[in-house]
Amino acid sequence: MICCVRTPHPSLIAAWLMAPVLRGRPLVLGGYAHERGLVMVASNEACAQGVMPGMSLNQAQQFAPDAIFQPVDDQATARVRQSLLSTLYRLTPDVAAGDDPGCAFLRLDRLALRWPNRSRLLTVITHAVEAVLSVPPTIGVASSMFVSKIASDQAIAGTPVIVEPDRTAAYLAQLPIDVLPLDDDLREYLELLGLRTIAGLQTITRAAFRRQFGVKALDVYDLAFGIDRRRLALFKPPVRIEEAEPLEPPIDNTEALQFIARALAERVSASLLAQGLGTRALRITLHQESTAPLTIQVRFAYPVTTTGELFDGIRPRLLRASLLAPLERITLRAGQLEPAYIRQPGLLIRRDGFQESIADAVARLQEEYGASTIQRAEVRVDAAPLPDHRILWKPA
Amino acid sequence: MPDSLQQAITVLQSRFGSAAPRPAAPATPARSSGIAEIDALTGIGGWPVGRLSLLAGLRGSGKRTLAQRSVAVATLEGPAAYIDVAARLDPEFLQRLDARLDRLLVVRPKTLSQGMACIRTLARAGVDFICLDLPGTRATGLDAELPHVLHRISEAECTLLLVHDLDVDDAIRYYASLILGVARCGWVFGTDGDLEGLQVDATVIKNRLAPPGRRVRWVVPYPTRGMTPRSSDVQ
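Residue numbers (this note's numbering), protein chains in the order written: chain A, 1 to 396; chain B, 397 to 631.
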């Protein structure tokens, strides 16, 4: 069985995570109202006022004058998509991204071994997604991707729609033919034939359909019976991101080394941001002329993403590195990649990564310099009047 | 600024972006030092936010007492850090000044670069007030680190207060937006002959945010309950 998990558009979710007050209000994404541009996504409240994706922002403002207009945050959107897929991947590796944004498919066969009770399993999936994105998904379960997607469209949050394999044809029969991926010609032909629902299509034999519309249209015919031959293009979480820079001529001073390391950090950060990831381990390899390469490892207490965070981890170690020969190549590799949503909601606010929690910062500094470097003091009033007795130093 | 003017500027900014008119010099926010005389002396109401302030004076001049007073006040408003390179912080003294010690991070770095890295990280993390207590002999290399640190504290809107001897490097003088020189004028004795405090003379040596050259004199008691100026005169 295939399960389709659908959420609102990731850009909308990203906007809601950044500003929770926007929930329940008409929201139009694509740009500010005074800008030239098109509506990319609109919330249900805005759509209810007549706003549709694809219309101009100016027109959208006329339909919904009280709507809030914002540009789409591509990086935050990528993070939301990555978060959805990674969350489902933790449940089962049989996860695939759907064509529509905010849509993902799971194969439930392996999960059924762990959760024999299907309703319990779907509850687990719902809670897992809701915990990460703060939005309950709609879930459809069927024997194929196509039917499960339709089922998820008809489901409401918290109440999945399950289509048993033997009920697939009957379930589809009631639907209009518009749910099928028809091109304009085929739709026109079918309408001329008076076929407006899938039930009508199911009355035609496969051979007759083939004779009338050709072999290529047979895929549509099969879909009308719930037969979807597409395979899940399984999601594979990235393992590492690596950037390298050859140096010609070789460099031998730390200023240039820092400059190049920062440029590499920017490139790694851009890749991380695009995929919504953070790294817990950085490895910078300094290839020296006619000498063994020097490798520097940096570990972070939490997944970091931005250039500043990466470079702050690298810089002190670069300055301490003892170089024996000029460098001819620098490689920066980010490993232990994790979804950056772990730091939500702080990560998803603007200037993300700039603000980290003080506890995280202290943990990071203690990891680097030792626990005794950052302490808190406590005065014990009832102790003996000696500083060593009265003041209790504790690691922060 | 009148509301109508502010509204007009907002409209122009939304229409023309950076080409719109804007205030020539926005007022610099400040964090109170906890002593009204010092706040008045700086001209902006305390230590400037996002900038480096220097509290300079010879040993025994009372500069660390003032700094600890500022730290105590800062802990009442939010998280603060004390970079105790000199290992001279007295938490008991801070507690007498009603500081919230649970909000104070005491950093005791082994090297100056460690301390500066801690400042950068803590400022970015959201610590509002950082006091860097630096003995004069260990300031080597500070000039190279300061640009990075100042950029970060400016971004993070953090206040950095440096406690240092008078003979600071030119670089530190250059980077500091406010330099307050502190000198001891005399001791204050009680009626029973016990030492109760010291009289301090503070002068604004440099001020990028208000006119420099102001001077104030007041008494710093050695408190059991807190520090309250007994007399002051601003010249």
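Positions of the beta carbon are idealized from the N, C-alpha and C atoms, including for glycine. These numbers were taken from a predicted model, which means no experiment stands behind them.
Can you give me, in chain order, the residues of the stretch 512–530 of chain B that have a beta carbon less than 8 Å from any beta carbon in chain A?
A513, C514, R516, T517, L518, R520, A521, G522, V523
State yes or no: is the beta carbon of B:V503 nearer than 7 Å to at least one beta carbon in chain A?
Within the second sequence, residue 503 of chain B is the residue found at index 107, counting from 1. With 7 Å as the cut-off, B:V503 counts as an interface residue toward chain A.
Identified DSSP bridge partners for A:P400
For residue 400 of chain A there is no data in the structure shown, the boundaries of chain A being 1 and 396.
So is B:L508 in contact with chain A if we call contact Cβ pairs under 7 Å?
Your numbering for residue 508 of chain B matches position 112 in the second sequence. Chain A, which has no Cβ nearer than 7 Å to the Cβ of B:L508, makes this no.
Does DSSP classify A:F213 as helix, strand or coil?
Along the first sequence, read from residue 1 onward, the residue named residue 213 of chain A stands at position 213. Of the three classes helix, strand and coil, the one that applies to A:F213 here is helix, per DSSP.
B:A606 - DSSP class collapsed to helix/strand/coil:
Counting from one through the second sequence, the residue named residue 606 of chain B turns up at place 210. DSSP places B:A606 in coil when its eight states are reduced to three.
Which term fits B:P487, buried or exposed, when burial requires 16 or more other beta carbons within 10 angstroms of its beta carbon?
Counting from 1 along the second sequence, the entry for residue 487 of chain B is found at position 91. Buried, since its Cβ has 16 or more Cβ neighbours within 10 Å.
Inter-residue Cα distance where the pair is B:V483 and B:R504
By one-based count along the second sequence, residue 483 of chain B stands at place 87. By one-based count along the second sequence, residue 504 of chain B stands at place 108. The question names Val, but residue 483 of chain B in the sequence shown is Ala. Spanning the two alpha carbons is a distance of roughly 7 Å.
What's the call for A:Q82, buried or exposed, on a 16-neighbour Cβ count within 10 Å?
By one-based count along the first sequence, residue 82 of chain A stands at place 82. With 16 or more Cβ atoms within 10 Å of its Cβ, A:Q82 is classed as buried.
For a cutoff of 7 Å on Cβ pairs, would you count A:P303 as touching chain B?
If you number the first sequence from 1, residue 303 of chain A lands on position 303. Cβ-Cβ to chain B under 7 Å: no for A:P303.
Please determine, among A:A361, A:I314, A:L172, the residue with the shortest C-alpha to C-alpha distance to A:A281.
Taking the first sequence and counting its residues from 1, the one referred to as residue 281 of chain A is at position 281. Measuring from the Cα of A:A281, the nearest candidate turns out to be A:I314.
Would you list, in sequence order, the uninterrupted alpha helix (DSSP H) runs of no fewer than 4 residues that lie entirely inside the stretch 3–69 of chain A?
10–18, 44–48, 57–63
Any alpha helix (DSSP H) of 4 or more consecutive residues that is wholly inside the stretch 275–349 of chain A
307–320
What are the complete beta strand (DSSP E) segments, minimum 3 residues, inside the stretch 443–520 of chain B?
448–453, 476–480, 500–503
Determine the chain A residues that contact B:P475 at a beta-carbon separation under 9 Å, and present them in chain order.
As a working mapping, residue 475 of chain B is identified with position 79 in the second sequence. Within chain A, the residues near B:P475 are I358.
Measuring alpha carbon to alpha carbon, tell me which of A:R167, A:V39, A:Q70, A:T77 ends up nearest A:Q59.
Numbered from 1 along the first sequence, position 59 holds the residue referred to as residue 59 of chain A. For A:Q59, the nearest C-alpha among the options comes from A:V39.
So which residues on chain A does B:Q639 lean against when the C-beta distance must stay under 7 Å?
Look at the range of chain B in this structure, 397 to 631, and you will see that residue 639 of chain B is not part of it.
Please list, in chain order, all residues of the same chain as B:G441 whose beta carbon is under 8 Å from its beta carbon, the five residues on each side excluded.
Numbered from 1 along the second sequence, position 45 holds the residue referred to as residue 441 of chain B. So the list reads A426, S428, D435, once near-sequence residues are dropped.
Could you tell me the distance, in whole angstroms, from the CA atom of A:S152 to the CA atom of A:F225?
Working through the first sequence from its first residue, we reach residue 152 of chain A at position 152. Working through the first sequence from its first residue, we reach residue 225 of chain A at position 225. Cα-Cα distance, rounded: 17 Å.
Cross-chain neighbours of A:A383 in chain B, by beta carbon under 8 Å:
Taking the first sequence and counting its residues from 1, one reaches residue 383 of chain A at position 383. Correct list: empty, because the minimum Cβ distance to chain B is about 11 Å.
Members of the stretch 31–64 of chain A near chain B, C-beta cut-off 9 Å:
Y32, H34
What three-state label does DSSP hand A:P160 in the structure shown?
Translated into the one-based positions of the first sequence, residue 160 of chain A becomes position 160. DSSP places A:P160 in coil when its eight states are reduced to three.
Proximal residues of chain B, C-beta to C-beta of A:A396 below 7 Å:
Locating residue 396 of chain A in the first sequence gives position 396, counting from the first residue. Within 7 Å Cβ-Cβ: L501.
According to DSSP, what are the bridge partners of A:E245?
For this step, residue 245 of chain A is matched to residue 245 along the first sequence. In DSSP, A:E245 forms a bridge with A:I330.
Step through the CB atoms of chain A and report whether any lies within less than 7 Å of the CB of B:L542.
Taking the second sequence and counting its residues from 1, the one referred to as residue 542 of chain B is at position 146. No, no contact with chain A.
Report, in whole angstroms, the separation of the C-beta atoms of B:I526 and B:C554, which I expect to be a contact under 8 Å.
In the second sequence, counting from the first residue as 1, residue 526 of chain B sits at position 130. In the second sequence, counting from the first residue as 1, residue 554 of chain B sits at position 158. Yes, B:I526 and B:C554 are in contact; Cβ-Cβ is about 6 Å, under 8 Å.
May I ask which residues mark the beginning and end of the alpha helix (DSSP H) holding B:G586?
Locating residue 586 of chain B in the second sequence gives position 190, counting from the first residue. Here B:G586 belongs to no alpha helix (DSSP H), and DSSP marks it neither H nor E.
Own chain residues within Cβ distance below 7 Å of B:I405, not counting five before or after
Translated into positions along the second sequence, residue 405 of chain B becomes position 9. Excluding sequence neighbours, B:I405 sits near A416, P417.
How would you write the range of the alpha helix (DSSP H) that A:E191 sits in, first residue to last?
Numbered from 1 along the first sequence, position 191 holds the residue referred to as residue 191 of chain A. Residues 184–192.
Cβ-based neighbour list, A:E367, same chain, cut-off 6 Å, excluding 5 preceding and 5 following
Taking the first residue of the first sequence as position 1, residue 367 of chain A is located at position 367. Closer than 6 Å at the Cβ level, and outside the excluded window around A:E367, lie A301.
Whole angstroms is fine: what's the gap from A:A383's alpha carbon to B:S466's?
Position 383 of the first sequence, counting from 1, holds the residue named residue 383 of chain A. Position 70 of the second sequence, counting from 1, holds the residue named residue 466 of chain B. A:A383 and B:S466: Cα-Cα distance of roughly 27 Å.
Could you confirm whether any beta carbon from chain A is found closer than 7 Å to the beta carbon of B:E553?
As a first step, residue 553 of chain B is located in the second sequence; it is residue number 157 there, counting from the start. No, B:E553 does not count as interfacial toward chain A.
Compare the C-beta of A:R350 against all C-beta atoms of chain B and say whether one is closer than 7 Å.
Position 350 of the first sequence, counted from the first residue, corresponds to residue 350 of chain A. Note that A:R350 scores a pLDDT of 38, beneath 50, so its modelled location is shaky; the value from the coordinates is reported in the next line. Not closer than 7 Å to any Cβ of chain B, the Cβ of A:R350 fails to qualify, so no.
For the pair the stretch 105–117 of chain A and the stretch 13–32 of chain A, tell me if three or more CB-CB distances fall below 8 Å.
no
Interface residues of chain A around B:L497 at Cβ under 8 Å?
Here residue 497 of chain B corresponds to residue number 101 of the second sequence, with the count starting at 1. Result: R376, A377, E378, V379.
So, does the CB of A:A361 fall closer than 7 Å to a CB anywhere in chain B?
For this step, residue 361 of chain A is matched to residue 361 along the first sequence. It does; some Cβ of chain B falls within 7 Å.
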